[in-house]
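Counting from 0, one number per residue, gives the positions in the sequence shown under numbering that gives the first Met the number 0.
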Amino acid sequence: MVTLKGSNFILREWEESDAEELARIGNNKKIAQNMVDTFPFPYTIDSAEYWVCNAGRGENKANLAIEVDGKLAGGIGFSIKDGLHEGVANGGYWLGEEFWGNGIGTEAWALIRDYIFENYDVHRVEASVFSWNPASARVQEKCGFKLEGTLRQNSKRFEKIGDELQFSILRDEWKKLKND
């Protein structure tokens, strides 16, 4: 069981009791447009119940709830790739709209980044951001991730076609960041 503590939040395992609040805060097109297509819209109670019971738990991945002052605020997770991409972790996060702009995303993403490098034999952590979400791109930069490139017109969400920005941080860069 993974629990990580931030300055004013915790990252913890999903619980069945999260379903109702997850459906409420997740049912927001402003959030869904910035997520991969497995994040449904509308976000129904059935979707939420399925997620909290099946949220990618496993040896090489984690999906955690973000909780602020005892209240569900969003989700964060990662998976470790294998095969050709062995040693690479991919992840992301989301926050309910009422929690935007408070530094929670940046601190939570930094906690997950550190957790991955400290607990897994990976040399790279990566994340993709849609070009129409500059706030999330800024989070990547604040956490030491570098923009590697732009996949032009690579994504379509709600009939909107956009670019996908690829960010990553390498283990050596992370070590330097932690030592500075």
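All residues carry an ideal CB built from backbone N, CA and C; glycine is no exception.
Please read all numbers here as calculations on a predicted model, not as lab measurements.
Looking at residue i: is its Cβ nearer than 9 Å to the Cβ of residue j?
i, j, result
"Gly104", "Val67", "no"
"Arg156", "Met34", "yes"
"Gly25", "Gly76", "no"
"Phe144", "Phe129", "no"
"Gln32", "Trp108", "no"
"Leu176", "Leu164", "no"
"Phe8", "Glu158", "no"
Apart from the five residues just before and just after residue i, which ones in its own chain have a Cβ nearer than 8 Å to its Cβ?
i, result
"Asp17", "Ala47, Val51, Ala64 and Leu71"
"Lys28", "Phe40 and Phe157"
Based on the DSSP secondary-structure assignment, which residues constitute the bridge partners of residue i?
i, result
"Tyr114", "Tyr114 is not bridged to any residue."
"Thr105", "For Thr105, which the question treats as bridged, DSSP gives no partner whatsoever."
"His2", "Before going further, note that residue 2 is Thr rather than His in the sequence given. DSSP output for Thr2 lists no bridge partner at all."
"Arg123", "Val87 and Leu169"
"Phe129", "Glu163"
"Lys145", "Ser167"
"Leu181", "Lying outside 0 to 179, the shown extent of the chain, residue 181 is not represented and no answer is given."
"Ser137", "Looking at the sequence shown, residue 137 is not Ser but Arg. None; Arg137 has no bridge partner."
"Glu12", "Leu63"
"Arg156", "Lys159"
Taking just the CA atoms, how far does residue j sit from residue i?
i, j, result
"Thr43", "Gly100", "26 Å"
"Gly161", "Thr2", "35 Å"
"Asp81", "Tyr92", "21 Å"
"Trp13", "Ala54", "7 Å"
"Ala61", "Ser78", "7 Å"
"Arg170", "Phe116", "7 Å"
"Ile30", "Gly74", "11 Å"
"Glu58", "Glu172", "25 Å"
"Thr149", "Ser6", "33 Å"
"Val87", "Val121", "6 Å"
"Tyr119", "Phe98", "29 Å"
"Gly102", "Asp36", "25 Å"
"Phe183", "Lys4", "The first residue shown for the chain is 0 and the last is 179, placing residue 183 beyond what the model contains."
"Ile168", "Glu140", "10 Å"
"Glu85", "Ala126", "16 Å"
"Glu19", "Asp179", "42 Å"
"Ile111", "Ala134", "18 Å"
"Asp45", "Ala136", "31 Å"
Residue i CB to nearest chain C CB: under 9 Å?
i, result
"Trp108", "Given the protein chain composition of this structure (a single chain), no chain C is represented."
Within a Cβ cutoff of 7 Å, which residues of the same chain sit near residue i, ignoring the five residues on either side of it in sequence?
i, result
"Arg11", "Thr2, Leu63, Ala64 and Glu66"
Leaving out the 5 sequence neighbours to the left and right, which residues in its chain are closer than 6 Å to residue i when beta-carbon positions are compared?
i, result
"Arg151", "Asp162"
"Ser154", "Phe129, Gly161 and Glu163"
* Segments of 3+ residues assigned as beta strand (DSSP E) that fall wholly inside the region 37 to 71 -> 60 to 67
* To do: Please go through the region 75 to 101 and give each complete beta strand (DSSP E) segment of 3 or more residues, from N-terminal end onward.
  => Within the region 75 to 101, the complete beta strand (DSSP E) runs of at least 3 residues are 87 to 94.
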